Structure formats: C-alpha cells, structure tokens
Amino acid sequence: MRTGVVIIGAGPAGLVLGHLLHRAGIECVVLERHSRARVEQRIRAGVLEHGTVELLTELGVADRLHREGLVHTGVELLFDGVAHRIPLRELTGRAITVYGQHEVVKDLIAQAEFPIRFEQGALRLRSDRAVETAEGVVEGDFVAGCDGFHGVSRPFVEASLRVYEREYPFAWLGVLAATPPSAEELIYALSDEGFALHSMRSPTITRLYLQVAPEERLEEWPDERIWAALQRRLAHDGFSLTEGPILEKGITAMRSFVVAPMRHGRLFLAGDAAHIVPPTGAKGLNLAVHDVKVLADGLRRWYASGDEGGLAAYSDTCLRRVWRVQHFSWWMTSMLHLAPDADPFTRELQRSQLRYVVGSEAAATTLAENYVGLTGSP
C-alpha cells in the first residue's frame, strides 16, 4: 500500500493528525495494532484545554463534547483543611472542559473519513517511510509515530536521541466510582497523608486519585481503605464526599520523560512517543494535540509548495511547549505531593508556595494560564 502519511497509533495524537491531514487534502492512513473496542475503552485523562476544545470544534468532531462535556471555570487547591478557588476564566478569559479521553477517541473514530486499520499485529518500521504490518508493508512520504511510550516508533531511532528523564518517588492510585461528583470543580488536595484529587467524568461518574508509594499493590487497597483515605485527605468545611461502587482501580507510576529531537529524517515523533508528563498538570493529551497541529501545519506547507521550513522547525517548535508543560507539571507535582524523605523545612516551603499561589493574583494567574493552556508559543 502507498499513501502520503503513515500514522502509527489510533490514540488522540494519531487520530487528530488524521483529521487535520484529511481536511488539508493529504492522503493518510492510521495503523493500530489493537482492536477498535480496546482503543475506545482505554481510560486516560479527562481535562481538555481551551485550545484543544477549539481545535476539535474546528474539525467538526466536538458536537457530543459540547453536549456532554463539563465546562469548569475554576479549580480548588485544598491545604491545611481550607479550600481556595483559582478562578480560571476570571484570570485568563478561558476555561477547561472535563470530557474523557476515550470519549474523544470514540468521536474521532466515528467521524473519520480516512482509513483506520485496526488489529494490525506487531508493527515494525522498515525505514522512516515504511511500516510493516500483519497485512503487508505500508509506504508513505512520511511516517508519524503517534504510538505512545511503549510503541515501535521511538525505539527505531533510540540510538540518535537525547533522553531527559525523572522518576518520582510516588504513584497515583486512581479509581472510577459510580457516584455523582461531590463538588462542581476539581479539587487538588495536599494533606498530612499526601496528595488527593477529586475529579469527574460525567454527572454520574466520579474520578478520584490518591498518592501512594510506587511499590503499592492493588490488593493492599480494598474499597473501604480507599474511601477512608479519600475522606481524610479531602475533608474540609462544607464538603461531603459521596461514596459509591468502585467500577475500576489502578496504580500509575509518575515520571517526566522527553526525547530530542522529535524528528529523524521522514519520521516524526508526537505525543507520548516523545514525552511523558506527570498527570498533576493534566497536560498529556493536550500536549499531544499541540504536537500534531504543528506537524500538520508543516506537512501542509510541504505538500502545497515543497517548503520544508515547518518540518525543519517541528522538533524545536514542539520542544519549547514540551519543556514549558514539563516545568508546570513538575511544579504542580512538587507543590502538592509529600516526598517520602520530606523534612519539616520542605513541608513549610510547600505551604509557603501554596499560600502565595492562592494569595497573589499574579501567582494565581500563572497557574491558571498554564492550566487552561498557553496561547501561541511559550
């Protein structure tokens, strides 16, 4: 098979890129090793930046998002038993939308007018222009590696990449509960036991997280223990946490990871194939969408006129945003989690930082504009 752009991975990055290229009249195909059902059921992030919602709307795939997504104009920081609201829209003119990543994926697949080939088996790159699948070799002018951290794209060029990495000494225990959210907005909490997050996926489904040690096992966290820990860490005046059946649970290690450059010949890395951020800043999906928007712009210029300027600048352009987001995610993580070796001095520094953020309009604006998504290039 011969096409213009071979896209590896039917996650948000690959699917958004497919829509952008199709709209520009550029032939492409998405190759995915898993089934459509598995791809559509993968539960991931659920916070969409203002710019991400705008792009999905522009692509014509956001009707359900606008019907079912929960628009949030603020978030709360909870520490020392007191909740403080950061008014996102008031400070920036923008908001976030809570809408599950798997729902975004469903919408992108349902409305795709370009080929998506699922269940392609163990994919393998033959070159920066050709991918081997279970059904044969697919060749293109370019290959876009949108296949995540454990995909085949990055290992193909691993030897030529610079790797920047940080492992964090804690993990998140996440649960999905069949109960209405207990608050209208997200609550980021720092307690004497560690971090907790109250989030949601819909008016009837709550998403909650607890900081745990990376070596913790799910068997050590029965539902009763989870709810008890959440009750303690999220407790504050006027708040009542509603409990309910836990539908699923999982433990996710936290890391920061970046590779550079994000281009090797005609192979371009995007999304989690090139970078991972800790989830505290809610940036993974949004950063992936930014990557492929930059890539699509460069490809449009090349196909229209042979101008390689956008493609040549792809890696540097993306990495400026990547490092801004890495810093924000690291900062939120450091401010809101208890390190195992944290001494009283470190704890007081965290409290001082939190007090400054909620007490200074300038500091609150810095958090808000990074959280809703920076406009333009940072």
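The opening residue of the sequence shown carries number 147 in my numbering; numbering runs sequentially from there. We treat Cβ as the ideally placed atom computed from N, Cα and C, and that holds for glycine. Predicted model, so just to flag it, every value in this text is computed and none were measured.
Other residues of its chain near residue i: CB distance less than 6 Å, five sequence neighbours each side excluded
{"i": "D453", "result": "R447"}
{"i": "F288", "result": "V151 and R412"}
{"i": "S328", "result": "L387 and T388"}
{"i": "E311", "result": "F403"}
{"i": "R308", "result": "A406"}
{"i": "Q257", "result": "V207"}
Cβ shell of residue i (< 8 Å), same chain only, five flanking positions each side left out
{"i": "V185", "result": "A156, G157, E178, V251, I255 and F264"}
For residue j and residue i, the rounded distance between their alpha carbons
{"i": "Q499", "j": "N432", "result": "26 Å"}
{"i": "C292", "j": "G417", "result": "6 Å"}
{"i": "V518", "j": "A191", "result": "15 Å"}
{"i": "S273", "j": "T398", "result": "33 Å"}
{"i": "P424", "j": "Q472", "result": "8 Å"}
{"i": "P490", "j": "R497", "result": "11 Å"}
{"i": "R347", "j": "V244", "result": "7 Å"}
{"i": "L201", "j": "H212", "result": "13 Å"}
{"i": "T511", "j": "H218", "result": "16 Å"}
{"i": "M408", "j": "E370", "result": "45 Å"}
Those residues which DSSP pairs with residue i across a bridge
{"i": "Q357", "result": "W318"}
{"i": "S273", "result": "A276"}
{"i": "R438", "result": "Note on residue identity: the sequence assigns Val, not Arg, to residue 438. DSSP lists no partner for V438."}
{"i": "A420", "result": "Looking at the DSSP assignment, A420 forms no beta bridge with any residue, so it has no partner."}
Residue i classed as buried or exposed, judged by whether at least 16 other C-beta atoms fall within 10 angstroms
{"i": "A317", "result": "buried"}
{"i": "H296", "result": "exposed"}
{"i": "S402", "result": "buried"}
{"i": "E527", "result": "No information on residue 527 is available, as it lies outside the stretch 147 to 524 that the chain covers here."}
{"i": "D383", "result": "exposed"}
{"i": "R378", "result": "exposed"}
{"i": "L364", "result": "exposed"}
{"i": "Y502", "result": "exposed"}
{"i": "A450", "result": "exposed"}
{"i": "A183", "result": "exposed"}
Cut-off 7 Å between Cβ atoms - residues of its own chain near residue i, not counting five sequence neighbours on either side
{"i": "G455", "result": "R447"}
{"i": "L376", "result": "A342, L354, L356 and L387"}
{"i": "E259", "result": "H168"}
{"i": "V468", "result": "V404, H421 and L433"}
{"i": "V228", "result": "H382"}
{"i": "W373", "result": "E389"}
Residue i (DSSP reduced to helix, strand or coil)
{"i": "I172", "result": "coil"}
{"i": "E313", "result": "strand"}
{"i": "A375", "result": "helix"}
{"i": "V303", "result": "coil"}
{"i": "G282", "result": "strand"}
{"i": "I262", "result": "strand"}
{"i": "G396", "result": "strand"}
{"i": "A208", "result": "coil"}
{"i": "L413", "result": "strand"}
{"i": "T325", "result": "coil"}
{"i": "T352", "result": "strand"}
{"i": "T511", "result": "helix"}
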